[in-house]
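Chemist:
Protein chains: 2
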Amino acid sequence: MIDKHSPMPIYYQIEEAIKERIDKGEWREGDMIPSEREFSEMYHISRMTVRQAVTNLVSDGYLIRQIGRGTFVARRKIQQKLFGLTSFTEDMKGRGMKPGTRLLDFRTVSASGPIAEQLQIPDGGEMYEIKRVRSADDLPMALEITYLSEDLVRGLTEEDVYGSLYGYVEKELGMTIGYATQELESSVAREAESRTLGIAEGAPLLLIKRFSYLEDETPLEIVYSAYRGDRYKFVVGMHRNRTDSNG
Amino acid sequence: MIDKHSPMPIYYQIEEAIKERIDKGEWREGDMIPSEREFSEMYHISRMTVRQAVTNLVSDGYLIRQIGRGTFVARRKIQQKLFGLTSFTEDMKGRGMKPGTRLLDFRTVSASGPIAEQLQIPDGGEMYEIKRVRSADDLPMALEITYLSEDLVRGLTEEDVYGSLYGYVEKELGMTIGYATQELESSVAREAESRTLGIAEGAPLLLIKRFSYLEDETPLEIVYSAYRGDRYKFVVGMHRNRTDSNG
DNA sequence: TAGTGGTCTAGACCACTTC
DNA sequence: AAGTGGTCTAGACCACTAC
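Just so you know, the sequences run in chain order A and B. Here this note's numbering is used: the first residue of the first sequence is -18, the next is one more, and so on. Here this note's numbering is used: the first residue of the second sequence is -18, the next is one more, and so on.
1) Classify Ser193(B) as buried or exposed, calling it buried when 16 or more other Cβ atoms lie within 10 Å of its own Cβ.
2) Name the DSSP bridge partner or partners of Phe215(A)?
3) What three-state label does DSSP hand Asp119(B) in the structure shown?
4) Tell me which same chain residues have a C-beta within less than 8 Å of the C-beta of His220(A), skipping the five on either side of it?
5) Are the segment 76 to 83 of chain A and the segment 116 to 123 of chain A touching by the rule of at least three beta carbon pairs closer than 8 Å?
6) Output needed in chain order: residues of the segment 193 to 207 of chain B with a Cβ under 7 Å from some Cβ in chain A.
7) Considering just the uninterrupted stretch of the alpha helix (DSSP H) at Glu202(A), what are its terminal residues?
8) Does Lys62(A) pass the burial test, meaning 16 or more other C-beta atoms within 10 Å, or should it be called exposed?
9) Please list, in chain order, the chain B residues whose beta carbon lies closer than 7 Å to that of Arg56(A).
10) Label Ala261(B) either buried or exposed according to how many other C-beta atoms from any shown protein chain fall within 10 Å of its C-beta, with 16 as the threshold for buried.
11) Given a cut-off of 9 Å on the beta-carbon distance, is the pair Tyr128(B) and Ile203(B) in contact?
12) Any idea what DSSP makes of Gly81(A), helix, strand or coil?
13) For a cutoff of 9 Å on Cβ pairs, would you count Gly49(A) as touching chain B?
14) Rounded to a whole number of angstroms, what is the C-alpha to C-alpha distance between Gly228(A) and Ala170(B)?
15) Output the distance between the C-alpha atoms of Gly136(B) and Glu153(B), rounded to the nearest integer angstrom.
16) Drop a sphere of 10 angstroms on the beta-carbon of Ala97(A), count the other beta-carbons inside from all chains shown, and report buried for 16 or more, exposed for fewer.
17) For Gly155(B), count neighbouring Cβ atoms within 10 angstroms of its own Cβ and tell me buried if that reaches 16, exposed if not.
18) Output needed for Glu164(B): all residues of its chain with C-beta closer than 6 Å, excluding positions within five of it in sequence on either side, in chain order.
19) Mind checking if Pro103(A) is an interface residue toward chain B, Cβ cutoff 9 Å exclusive?
20) Between which residues of its own chain and Ile111(B) is the CB-CB distance below 6 Å, once the five residues before and five after are set aside?
21) Closer than 8 Å is the cut-off here; do at least three beta carbon pairs connect the segment 46 to 53 of chain A with the segment 67 to 79 of chain A?
22) How would you write the range of the alpha helix (DSSP H) that Gly94(A) sits in, first residue to last?
23) For chain A, find out if any of its Cβ atoms is closer than 9 Å to the Cβ of Ala161(B); answer yes or no.
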């Protein structure tokens, strides 16, 4: 089951093996899994390598360690997804809905002001401006405006933005997305939004502003979204930091 | 600087030492910090111990590792807080505002229905129901209703809920908070909320439902909040999961 | 007492980046 | 070629939990 000569790291192979057993129901929520020493003997690898695998699965929310007792399968497996940054497409699929896109506008504009600054585009640089209506199960869900540095994702075409921009950046461009900050606020629909989203004026809107970054902190995109308040709930999982109390 | 005979783990001492140097500005954003081998020789400890410290600081957002290049101080230090779960009190302080509480109601009620189920309170058990108006700089910010299992935090008094419930649970009860899931949606104020929060009927409200859990996944609390849309933005940082693509 | 996870050592070889 | 982080080993002692 573990191939020591595979190019895949051993700890990664162990992670996959453990996750598979959990997914198959072989180990259920709350079950104790084999101890680190047992894994170590089972696969003929050192305990530190097992620990690396287990540590990763703990921080991914699959496992829980308890000193002196053992390591256990975490409950609420469904909620694990809530902790990860997702694209609209992934988000809707995760909710069991069919994501769709209507492209309103796709152009490059000269960068200036705070948007250019956030995207670290020098004076005179260009950026993509993409306006889309995102739908779920063929009904409008959100209005989105995305900005990207042209330099960073040069060659982006209209076809590329009908699906997941994150998917494109990761799979086609081979970049690694690191994190994003998001600001959410409550608002009400004005005339323009109500028409585009098919809701009444004054109906609740959830406004989201997102700044995405690559793993090395290169700014990737800015997204302004307006989600229909009657169809969309933003769901997020947050961990308590070890360092919070230090302020 | 490093005390090998201290009860504090060595890796933790290194973490603190690195954070201090960053906070003091000795190492600035984007700077390369000493290599793992340099730390290892500097403190006369093994490289694996250094790695444990650095790994923790990377996942806390302080450092960034780049293969073949080195380890660097992360940019956007201010945004590090965004990734951690905070109480209302901590949240407001982080925004530079003075948190306050007006207690509307504090009682124990018999648990039943989905709330009892979520809090894992058996039939016939009791739970605390706490209604508070939370203020920032002496102006109403949110209306909150909190439910806690009486069994878990037995002996809670009215005085305890004027400040941070998280602080009380962690410092007084010695429990460790693990994580929470939160659902956010946009709504508009009705008569009751508009009166309590001092806003107009129909004004935007940000509704937040929070389920908190201890480290061992014991459900700690349920909180329903209604934040004033004109005063409050929810801000959150999210990391891209290694496991997202696997769905 | 036996077993668990927590911490730590003193090495090793690898792929990668920089020069 | 030299230096970096990534992976891995084969042990060790500790505090804690369960019995």
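Note that CB positions come from ideal geometry on N, CA and C, so glycine has one too.
Modeler: Considering the structure as presented:
1) buried
2) Leu165(B)
3) coil
4) Phe64
5) yes
6) Asp197 and Glu198
7) No alpha helix (DSSP H) holds Glu202(A); the beta strand (DSSP E) holding it covers Pro200 to Arg209.
8) buried
9) Glu198
10) A query on residue 261(B) cannot be resolved here, the shown segment of chain B reaching from -18 to 228 and no further.
11) yes
12) strand
13) no
14) Confidence in Gly228(A) is poor, its pLDDT being 34 and thus under 50, which makes the residue's placement too unreliable to answer from.
15) 11 Å
16) buried
17) exposed
18) Lys190
19) no
20) Phe87, Thr127 and Val142
21) no
22) Gly94 to Gln99
23) yes
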